[in-house]
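Below is one structure, written out as structure tokens; comments come after it.
There are 2 protein chains.
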Amino acid sequence: MIEAERLSSALEDYLETIYELVRHQKVARVRDIARARSVRAASVTPAMRRLADLGLIRYEKREYIDLTPQGQREAQRVVSRHQALTRFFKNVLKIPVKTAEGDACAMEHSLSAEGMDHLVRFIEFVHNCPEGARLLDVFHACVLAQHQPEASCQRCPMGQPGKAEEHRAVPLSAIDVGAQVLVRRIAADGAMRDRLLDAGLLPGEIVEVVRVAPGRVRFDLRRGGFELRLTGDEARAVLVAPPERNP
Amino acid sequence: MIEAERLSSALEDYLETIYELVRHQKVARVRDIARARSVRAASVTPAMRRLADLGLIRYEKREYIDLTPQGQREAQRVVSRHQALTRFFKNVLKIPVKTAEGDACAMEHSLSAEGMDHLVRFIEFVHNCPEGARLLDVFHACVLAQHQPEASCQRCPMGQPGKAEEHRAVPLSAIDVGAQVLVRRIAADGAMRDRLLDAGLLPGEIVEVVRVAPGRVRFDLRRGGFELRLTGDEARAVLVAPPERNP
DNA sequence: ATCACCTGTTAGCCAAGACTAACAAAACCA
DNA sequence: TGGTTTTGTTAGTCTTGGCTAACAGGTGAT
Numbered sequence: 001m002i003e004a005e006r007l008s009s010a011l012e013d014y015l016e017t018i019y020e021l022v023r024h025q026k027v028a029r030v031r032d033i034a035r036a037r038s039v040r041a042a043s044v045t046p047a048m049r050r051l052a053d054l055g056l057i058r059y060e061k062r063e064y065i066d067l068t069p070q071g072q073r074e075a076q077r078v079v080s081r082h083q084a085l086t087r088f089f090k091n092v093l094k095i096p097v098k099t100a101e102g103d104a105c106a107m108e109h110s111l112s113a114e115g116m117d118h119l120v121r122f123i124e125f126v127h128n129c130p131e132g133a134r135l136l137d138v139f140h141a142c143v144l145a146q147h148q149p150e151a152s153c154q155r156c157p158m159g160q161p162g163k164a165e166e167h168r169a170v171p172l173s174a175i176d177v178g179a180q181v182l183v184r185r186i187a188a189d190g191a192m193r194d195r196l197l198d199a200g201l202l203p204g205e206i207v208e209v210v211r212v213a214p215g216r217v218r219f220d221l222r223r224g225g226f227e228l229r230l231t232g233d234e235a236r237a238v239l240v241a242p243p244e245r246n247p
Numbered sequence: 248m249i250e251a252e253r254l255s256s257a258l259e260d261y262l263e264t265i266y267e268l269v270r271h272q273k274v275a276r277v278r279d280i281a282r283a284r285s286v287r288a289a290s291v292t293p294a295m296r297r298l299a300d301l302g303l304i305r306y307e308k309r310e311y312i313d314l315t316p317q318g319q320r321e322a323q324r325v326v327s328r329h330q331a332l333t334r335f336f337k338n339v340l341k342i343p344v345k346t347a348e349g350d351a352c353a354m355e356h357s358l359s360a361e362g363m364d365h366l367v368r369f370i371e372f373v374h375n376c377p378e379g380a381r382l383l384d385v386f387h388a389c390v391l392a393q394h395q396p397e398a399s400c401q402r403c404p405m406g407q408p409g410k411a412e413e414h415r416a417v418p419l420s421a422i423d424v425g426a427q428v429l430v431r432r433i434a435a436d437g438a439m440r441d442r443l444l445d446a447g448l449l450p451g452e453i454v455e456v457v458r459v460a461p462g463r464v465r466f467d468l469r470r471g472g473f474e475l476r477l478t479g480d481e482a483r484a485v486l487v488a489p490p491e492r493n494p
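Protein chains in written order, with my numbering: chain L, 1 to 247; chain Y, 248 to 494.
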């Protein structure tokens with residue numbers, strides 16, 4: 001048995017798979033592990049040898065595999081992170097179950113102890129504290145339902161077009177050349193939202209309007225050293241804080 | 248130029264590094280990339296060749312490296328995820344800046360479009376909506392400050408030991424053998440909290456008390472097929488919903 | 001009893017991505 | 001101009017973690 005410095009994600013995944021298999025099917029065999037991880041059985045054998053060398057599993061050729069106490073602890077650590085992330089994605093962010101699973105599965109290997117600690121505090125908060133539960137409801141009603149305007153939150157000024165400007169949010173399409181503005185919100189869904197977010201238009205970012213095409217059909221922005229071109233529709237979906245006015 | 252199926256995390260990191268370098272230092276050289284990524288220069292050259300083959304960077308031997316428009320988009324996508332995650336970890340979960348950076352850096356490669364979409368909605372919510380801002384305040388005051396009891400939230404019943412039981416939360420140490428209970432909250436900090444969370448005691452989990460040592464100094468639990476042993480102190484820190492009573 | 005089948009192992013291959021050591025090209029001085 | 005230093009590239013090695021193909025060991029059916 002050799003001392004571990006840091007388990008690779010692949011080995012953590014194997015360990016987790018074994019954990020789930022013994023939990024549900026009582027025993028873990030090479031075949032099952034291969035199926036669960038979508039790899040060939042021939043790839044499993046050497047991984048088992050490595051895990052056995054690390055003292056995390058008991059593995060004798062052609063026999064059932066199971067976890068040592070240390071392997072159990074290690075696997076449990078990973079599974080806990082997986083659970084915490086999955087719950088956050090499903091219950092708080094409300095992303096589709098399958099995507100939530102996928103994201104959690106990939107991220108579970110790199111969440112720090114501190115991240116885990118605080119993430120779980122957050123989950124505890126929205127589950128246990130009436131304030132937390134209420135505010136989560138507001139988030140879901142107000143923000144996730146934006147594409148169903150009639151369902152959207154009455155309290156939140158960002159959801160009400162008339163009140164938006166009072167709260168210092170105007171579409172980027174209304175901004176003059178040369179002004180620097182602060183992105184507040186992306187009022188778009190689906191592919192267009194993805195495009196704008198991927199382009200770096202996150203709330204809190206500062207952008208400068210560099211050029212506006214005649215007819216305001218195209219907007220060239222500068223953002224931290226790079227230029228970015230938006231269509232009129234895109235610019236209308238980017239809500240920003242209006243530039244300061246010197247009174 | 249070859250078509251990309253899916254960029255590896257390593258290549259995404261190189262791309263991101265180049266992006267940040269041209270943004271701040273105007274140019275990216277092999278030396279700088281190697282330093283930024285803590286690898287040897289000899290590892291950078293082949294990575295640059297791969298990125299150039301994918302049409303993401305412009306790279307001529309011994310010349311400055313820069314991003315093609317496509318590379319810029321690709322890098323920006325990764326950087327946006329990095330930013331969104333960092334902000335969430337820093338401003339919402341309030342984990343230390345350095346840890347936040349580290350976690351974001353590792354997770355940025357595996358956040359789905361949907362996860363990104365909803366994560367940013369959440370950030371928009373707590374930044375723009377008065378309700379959201381309040382949510383965050385309550386969370387920070389009530390939950391993160393738990394170890395300073397005088398600062399803890401007055402509204403939240405979980406923070407007030409007297410009221411906790413009314414809200415169906417009692418320490419696991421008070422539970423009888425044989426009972427199945429639901430974990431509500433881990434009332435511990437630091438290493439003990441980490442240990443309990445890593446052991447899978449997350450809010451929402453169901454555990455059964457299998458055995459209690461004389462003097463209630465040790466508690467053996469069963470959780471989804473595995474046994475788990477807690478000390479008395481640990482059991483006192485696990486707040487659970489009391490078992491149903493048949494009236 | 002033997003043949004076929006299922007499962008697991010071995011051997012040998014490959015690609016990614018790191019490393020060192022040695023070499024080549026530029027740049028920097030004197 | 002020529003030597004030194006810095007910077008980049010090449011060649012060769014290693015580990016991880018996949019793959020296929022071939023083989024081995026058990027189980028079961030005829």
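Backbone N, C-alpha and C fix where the C-beta goes; we use that ideal spot for every residue, glycine too.
Q.
Using only the alpha-carbon positions, how far apart do residue 207 (chain L) and residue 323 (chain Y) sit?
A. 15 Å
- prompt: Going along chain Y in order, which residues have a C-beta closer than 7 Å to the C-beta of residue 89 (chain L)?
  reply: 362
Exercise. When you compare only the Cα positions, how much space is there between residue 258 (chain Y) and residue 304 (chain Y)?
Worked result: 11 Å
Does at least one heavy atom of the ligand NAD sit under 6 Å from the Cβ of residue 473 (chain Y)?
-> Of ligands this structure carries none, so the ligand NAD is not represented either.
*asked:* For residue 477 (chain Y), report the span of its beta strand (DSSP E) as first-last.
replied: 473-478
Residue closest to residue 67 (chain L), alpha-carbon to alpha-carbon, out of L:16, L:86, L:210, L:31
L:16
C-beta neighbour in chain L for residue 330 (chain Y), strict 7 Å: yes
Problem - At least three beta-carbon pairs within less than 8 Å, the region 348-358 of chain Y to the region 218-227 of chain L - result: no
### Query
Does any C-beta atom of chain L lie closer than 7 Å to the C-beta of residue 359 (chain Y)?
yes
Contiguous alpha helix (DSSP H) assignments of at least 4 residues, all confined to the region 272-344 of chain Y: 277-284, 288-300, 316-334
By alpha-carbon positions, which one of L:204, L:223, L:193, L:200 ends up nearest to residue 236 (chain L)?
L:193
Open item on the list: Beta-carbon within less than 7 Å of residue 328 (chain Y)'s beta-carbon, same chain only, minus the 5 sequence neighbours each way: which residues are those?
Closed with: 355, 358, 363
_Short CB-CB distance (under 7 Å) between residue 171 (chain L) and chain Y_ = no
Where residue 463 (chain Y) falls, given that 16 or more other Cβ within 10 Å makes a residue buried: exposed
- Item | residue 456 (chain Y) (DSSP reduced to helix, strand or coil) | strand
Worksheet item: Taking Cβ-Cβ distances shorter than 8 Å, what residues in chain L pair up with residue 381 (chain Y)?
Response: 135
Check: Of the choices L:239, L:243, L:223, whose alpha-carbon is the least far from that of residue 271 (chain Y)?
Finding: L:223
CB-CB under 6 Å to residue 416 (chain Y), same chain, minus the five flanking residues each way: which ones, in chain order? 431, 486
**Item:** Cβ-Cβ distance between residue 179 (chain L) and residue 212 (chain L) below 7 Å
**Value:** no
- Item | Alpha-carbon spacing of residue 69 (chain L) relative to residue 52 (chain L), whole angstroms | 12 Å
Minimum C-alpha distance to residue 79 (chain L) - residue among L:19, L:27, L:28, L:35: L:19
**OP:** Could you tell me whether any Cβ in chain L is nearer than 7 Å to the Cβ of residue 256 (chain Y)?
**Re:** no
Query raised in the report: How should residue 32 (chain L) be labelled, buried or exposed, when 16 other C-beta atoms within 10 angstroms of its C-beta is the threshold for buried?
Result: buried
>> Rounding to the nearest angstrom, what Cα-Cα distance links residue 124 (chain L) and residue 450 (chain Y) in this structure?
In response: 6 Å
- request: Check the Cβ of residue 527 (chain Y) against every Cβ in chain L and list those closer than 8 Å, keeping chain order.
  value: What is shown of chain Y runs 248 to 494, which leaves residue 527 (chain Y) out entirely.
Closest to residue 443 (chain Y) by CA distance: which of L:145, L:113, L:62, L:36 is it?
L:113
Taking 6 Å as the limit between beta carbons, can you name the residues of its chain near residue 396 (chain Y), skipping five residues before and five after? Low confidence applies here, because residue 396 (chain Y) scores a pLDDT of 41, under 50, leaving its location unreliable; read the following figure in that light. Taken in chain order, the list of residues that qualify is empty.
> From the DSSP output, which residues share a beta bridge with residue 488 (chain Y)?
Replying inline: Y:429
- Message: Please return the same chain residues whose Cβ sits closer than 8 Å to the Cβ of residue 144 (chain L), not counting the five positions on each side in sequence.
- Response: 94
To the nearest angstrom, how far is the alpha carbon of residue 331 (chain Y) from that of residue 386 (chain Y)? 19 Å
Limits of the beta strand (DSSP E) - the one that residue 220 (chain L) falls within:
218-223
Is the separation between the beta-carbon of residue 429 (chain Y) and that of residue 488 (chain Y) shorter than 7 Å?
yes
Can you check which of these residues, L:232, L:135, L:119, L:126, is closest to residue 174 (chain L) by C-alpha distance?
L:232
Next on the checklist: As a quick exercise: from L:127, L:136, L:119, L:99, pick the residue whose alpha carbon is nearest that of residue 368 (chain Y).
Outcome noted: L:136
| Local Cβ density within 10 Å of residue 87 (chain L), reported as buried at 16 or more and exposed below that | buried
Any idea which residues DSSP pairs residue 170 (chain L) with across the strands?
L:240
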